[in-house]
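Below is one structure, written out as structure tokens; the observations come after it.
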Amino acid sequence: MAEQAFVRHERLGEVHVLRLANPPVNTLRHALRQELVAALDDAAAAGAKAVVLIGEGRMFSAGAEMTEFGGLRLEPTLTQVIDALDAFPGLTVAAIHGHALGGGLELALGCRARVAAPSAQVGLPEVKRGILPGAGGTQRLPRLIGAEPALALIATGDSVPAPRAKELGIIDAIIEGDLAEGAVAFARAALAAGREYARVRDRVAAGELAAFDAAAAAVAKRARGMEAPPATAEAVRAALTEPFEHGLATERRLFERLVRSEQSQALRHAFFAEREAQKVAGLAGIEPRPVARAAVVGAGTMGGGIAMSFAAAGIPVTVVETTAEALARGLARVESNWRRSVKSGRMTDEDVSRLLGLIRGTTDLAEVRDADVIIEAVFEDMEVKQGVFRELDRLAKPGAVLATNTSYLDVDAIAGATSRPGDVLGMHFFSPANVMRLLEIVRGKATTAAALATAVAVGRRIAKVPVVVGNCFGFVGNRMSFQRGRQGELMLQEGALPWEVDRVMTGFGLAMGPFAVADLAGLDIGGMVRKAFGIPFPIADAMVAAGRLGQKTGRGWYRYADGSRTPEPDPETERMILEISASLGRTRRTIPPEEIVDRMTLSLVNEGAKILEEGIAARASDIDVIFVNGYGWPAWRGGPMWHADRIGLAKVRDRLAELAALTGDDGLKPAPLIERLAASGGSFAKPG
Ligand code: NAI
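Plus 160 on top of the position in the sequence shown (first one is 1) and you've got our numbering.
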């Protein structure tokens with residue numbers, strides 16, 4: 161037999177074990193598919209009564225190789241591999257550890273039985289890339305577990321842990337101890353008992369059409385403009401109404417449509433952009449320093465969430481506050497956040513105790529002395545922060561990374577308060593810090609490669625998406641958002657109302673409207689920034705002056721009924737806007753929805769172009785990663801820079817110029833980089 165590189169064939173009497181060996185995650189590349197079909201033929205020819213499919217290394221299989229997207233069609237396709245499993249004259253068992261995702265789970269669904277390690281996870285995440293499972297997943301999963309439960313999984317793309325997968329019926333048995341041995345024993349026992357496992361394709365999908373259609377309608381509603389989730393519903397419905405082969409054809413037709421869609425291209429861009437962001441200039445070959453303990457200074461809104469992220473990653477963390485009361489308040493908030501996760505079933509009481517055990521609270525700053533990374537999250541005030549850094553300089557161990565979570569302040573000025581500016585940088589988390597994945601890592605002018613590499617590595621360890629950016633007002637995300645906020649203010653002055661802008665922008669796909677977001681964060685935050693930098697926004701400033709700070713005061717741009725988080729348009733806001741607008745001598749006009757979208761998005765793009773030109777962001781796709789992961793930009797629109805490239809930069813330039821002329825706002829004049837790229841036919845992705 162030819163040397164097989166990607167499938168290892170082990171014969172244990174009547175049971176053969178086929179090991180997928182394409183490290184690290186066993187993507188189903190073409191050569192592996194070829195070898196798997198050959199190995200199944202060999203096993204059948206050798207008279208095997210059962211085959212066990214198992215993955216080597218970290219997991220069963222992460223599915224298709226995304227860079228080989230076209231290559232999936234090379235024969236044998238995954239569908240043909242699964243046909244070969246269906247044709248195998250005996251029992252087929254998938255033995256799953258780590259993850260079985262996408263094509264990986266479809267492969268397992270092509271087996272007659274599935275067993276899993278207790279810690280395994282399975283899922284069909286294709287919808288998150290704007291497509292759907294294209295190798296029978298939408299037809300087999302409903303036949304295995306029922307149409308509605310299958311839809312719930314396929315339309316969200318969420319994975320489920322093995323115990324839940326067993327309850328659902330995706331997995332036949334959970335195997336403690338050695339998985340391969342357990343799976344072989346499972347197969348032998350089934351053979352000995354003459355237990356039959358029907359092919360999944362031959363089973364009948366349970367479900368009632370009316371109930372299914374109601375669930376499908378809910379999926380379409382939640383999709384908010386995304387095409388893939390309703391398409392998954394259409395495919396799963398076929399499992400209920402059509403014979404298997406017809407259902408497969410329906411799935412294939414929908415897959416072909418989605419894979420070519422703008423949305424799936426944008427989602428794939430968002431995926432690859434995140435990978436690309438991990439490549440940081442100047443860090444090749446630089447070893448991060450070891451991090452065994454972290455410290456967070458300040459246990460307010462951000463400090464608590466940051467400490468939670470470290471603990472969740474198993475890194476012990478010291479939390480420092482000024483007073484015992486502030487410390488107790490901060491730690492109580494941390495604990496209550498975790499208790500909420502216990503209530504919702506995502507954590508156990510033991511988890512909470514273990515995590516709390518990783519947090520050490522103190523009011524003595526000297527206790528940072530054993531920390532390898534220290535993150536300052538005190539008030540947004542230069543003097544206060546410099547004071548903290550002067551102390552950290554005195555107390556921290558040599559080589560500790562000293563990071564500030566500042567939103568807008570100059571990282572170099574903060575570093576200047578220390579005698580070791582090379583170890584100082586920004587680690588800018590997003591609220592809520594325990595949830596949001598984005599982490600802007602701000603490289604100061606003196607920051608060393610080793611300190612930067614350490615911050616990036618620790619960012620990844622705490623499950624964030626670190627993006628390295630340069631030092632300037634607001635860094636990348638807040639600097640760009642500030643320009644969008646400015647357009648929001650100007651549009652209120654010119655004729656719009658907050659809820660009109662929000663409605664248009666959620667229609668565009670933002671998770672929340674910008675004014676509703678401001679109410680959530682607190683209007684005083686922006687107010688303080690504008691005050692510090694001397695940039696008045698007459699309407700927004702008046703809201704702050706009137707004590708309308710957002711949800712926390714029950715009134716902001718919107719009003720909120722007692723204890724409610726539901727924004728309601730407020731006539732008082734409207735009155736204030738009209739009054740200030742008049743006092744500024746504005747003649748109000750109706751601002752059309754297209755103008756609202758363009759001003760709220762192209763203002764970001766224009767500032768993004770300046771940021772690129774200045775080298776504050778290394779590449780346009782880094783900016784997209786920042787907006788998708790930190791600012792609610794819909795991933796299916798790729799990110800603001802991707803969005804601009806899709807429009808075409810010549811059109812973007814013309815529209816910006818038109819808007820600048822219409823509004824008299826020089827801020828909307830196209831940035832030099834846009835002018836240049838538009839003239840040369842380039843794009844942000846390919847400057848040409
Ligand atoms: P916060 O006011 O909720 O918390 C600040 C905490 O720092 C308070 O508990 C205070 O007692 C403590 N503190 C003040 N001086 C201290 C000192 N010398 N030593 C120890 N603790 C001290 O503020 P928040 O919102 O947590 O912001 C903290 C930092 O994070 C600011 O720089 C802010 O700009 C930044 N940030 C805030 C975001 C947000 O959405 N709230 C998002 C990203 C960054």
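Using N, Cα and C, we set each Cβ at its ideal position, and we do this for glycine too.
- Assignment of I214 by DSSP, reduced to helix, strand and coil, places it in the strand class.
- Taking all protein chains in view, the Cβ of E600 is crowded by 16 or more other Cβ atoms within 10 Å, so the residue is classified as buried.
- Judged by DSSP in its simplified three-state form, I771 adopts helix.
- Set against 7 Å, the gap from the CB of M462 to the closest heavy atom of ligand 1 is smaller.
- As computed with DSSP, E600 is found in a beta bridge with H588 and V627.
- Take the alpha-carbon of K545 and the one of P309: they are about 51 Å apart.
- Taking 7 Å as the cut-off, one finds no heavy atom of ligand 1 near enough to the beta carbon of H176.
- If you look at T461, you'll find it in the alpha helix (DSSP H) that goes T461 to A472.
- A365 has its alpha-carbon roughly 10 Å from the corresponding atom of E402.
- In the structure shown, L562 adopts extended strand secondary structure according to DSSP, grouped into three states.
- According to DSSP, residue pairing for V479 in a beta bridge involves V456 and G521.
- At a threshold of 7 Å, G458 counts as near ligand 1, since its beta carbon sits closer than that to one of the ligand's heavy atoms.
- In the three-state reduction of the DSSP assignment, I737 falls in the helix class, which pools H, G and I.
- As the crow flies, the alpha-carbon of P302 is around 41 Å from that of A780.
- For E481, the shortest separation between its Cβ and any heavy atom of ligand 1 lies below 7 Å.
- For L192 against N182, the beta-carbon gap comes to about 5 Å, under 8 Å, which counts as contact.
- By DSSP's assignment, T252 forms a beta bridge with V211.
- For A203, the enclosing alpha helix (DSSP H) covers residues H190 to A205.
- Where G637 is concerned, there is no enclosing beta strand (DSSP E), although the alpha helix (DSSP H) around it starts and stops at G637 to E654.
- The beta-bridge partner set that DSSP reports for Q281 consists of H259 and P321.
- Counting only residues of its own chain and dropping the five nearest sequence neighbours on each side, L414 has a CB closer than 7 Å to the CB of L292, A391, E394 and A395.
- Following the DSSP letters along the chain, one finds V595 in no alpha helix (DSSP H), marked with neither H nor E.
- Around the CB of Q281, 16 or more other CB atoms lie within 10 Å, so the residue is classed as buried.
- Annotation: the continuous alpha helix (DSSP H) that includes L822 extends over L809 to T823.
- In this structure G582 is not in contact with A537, their Cβ atoms being roughly 22 Å apart against a cut-off of 8 Å.
- Taking the Cα positions, L400 is about 7 Å away from A307.
- Counting every other CB atom within 10 Å of its CB across the protein chains shown gives R725 a total below 16, marking it as exposed.
- Note: I535 is bridge-paired with V456 and A563 in the DSSP secondary-structure output.
- One thing to note: I834 has its Cβ no nearer than 8 Å to the Cβ of G637.
- G790 is not a Cβ neighbour of L555, given a cutoff of 8 Å.
- By the C-beta criterion, the stretch 561–572 is judged not to be in contact with the stretch 432–443, since fewer than 3 inter-stretch pairs fall below 8 Å.
- Taking E654 as the centre and dropping the five residues before and after it, the same chain places the C-beta of S741, R746, R748, R749, I751 and T823 closer than 8 Å to its C-beta, in chain order.
- By the C-beta criterion, the stretch 464–483 is judged to be in contact with the stretch 494–512, since at least 3 inter-stretch pairs fall below 8 Å.
- Membership of L443 in any beta strand (DSSP E) is not indicated, and neither H nor E is assigned to it by DSSP.
- Residue ranges of uninterrupted alpha helix (DSSP H) with 4 or more members, entirely inside the stretch 382–437 and ordered along the chain, are 388–401, 404–419 and 422–436.
- Judged by DSSP in its simplified three-state form, R348 adopts helix.
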